[in-house]
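Under our numbering, residue 182 is the last one in the sequence shown; the count climbs by one each step, no gaps.
Beta carbons: idealized from backbone N, C-alpha and C, even for Gly.
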Amino acid sequence: MTDAHLSSVKNKVFTEKQAKIFVQDYIGIHSDGKVDYLYHTESEDLVAKFKKGIKKAQLVDVIKTGHMTNVYFEINDVLIHASYLNETGEMYICRFKHEGKSNR
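Dropping the structure here:
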């Protein structure tokens, strides 16, 4: 997850099938019929459920620190925050965000 890669996809809107493919590069997805479930790739905890599937996705912000890369996605008008360890690339946090407050 390089700075160049993140910059190249930031604010780019993906729709329909491409949206799901884009999200899968960063967050775990399980599909059951039309329903898409997002999950934390390390703990396998459920993060969000999209009853009608993922229709639109974009990376809206990136905040990088010495140890973590924080990535904010807007998926079907829902904000998802994911953090990755810079050293290993492993997911540390993945959570649903609502009006600036996190919900786990």
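Leaving out five residues before and five after N161 in sequence, what residues of the same chain have Cβ atoms less than 6 Å from its Cβ? If you number the sequence shown from 1, residue 161 lands on position 83. It should be pointed out that residue 161 corresponds to Ser in this sequence rather than to Asn. Answer for S161: M146, N148, Y170 and I171, listed in chain order.
Extract the residue ranges of the alpha helix (DSSP H) inside the region 84 to 125, only unbroken runs of 4 or more that lie entirely within it. 94 to 102
Count the CB pairs spanning the region 135 to 146 and the region 105 to 112 that are closer than 8 Å, and state whether there are at least three. no
If I measure Cβ to Cβ from K175 and keep anything under 6 Å in the same chain, skipping five residues before and after, which residues do I get? Counting from 1 along the sequence shown, the entry for residue 175 is found at position 97. Closer than 6 Å at the Cβ level, and outside the excluded window around K175, lie L157 and H159.
Selected residue, minimal CA-CA separation from Q102, among K112, H118, G111 and N89: In the sequence shown, the residue the question calls residue 102 occupies position 24. Among K112, H118, G111 and N89, the Cα nearest to that of Q102 is on H118.
By Cβ distance below 7 Å, which residues in the same chain neighbour I132 in space, the five residues on each side in sequence not counted? If you number the sequence shown from 1, residue 132 lands on position 54. These residues qualify, in order along the chain: A97, K98, V101, D114, I153 and N154.
Cα separation between S86 and K129? Working through the sequence shown from its first residue, we reach residue 86 at position 8. Working through the sequence shown from its first residue, we reach residue 129 at position 51. For the pair S86 and K129, the Cα-to-Cα distance works out to about 29 Å.
Can you give the Cα-Cα distance for L124 and K134, rounded to whole angstroms? Taking the sequence shown and counting its residues from 1, one reaches residue 124 at position 46. Taking the sequence shown and counting its residues from 1, one reaches residue 134 at position 56. For L124 and K134, the distance between alpha carbons rounds to 19 Å.
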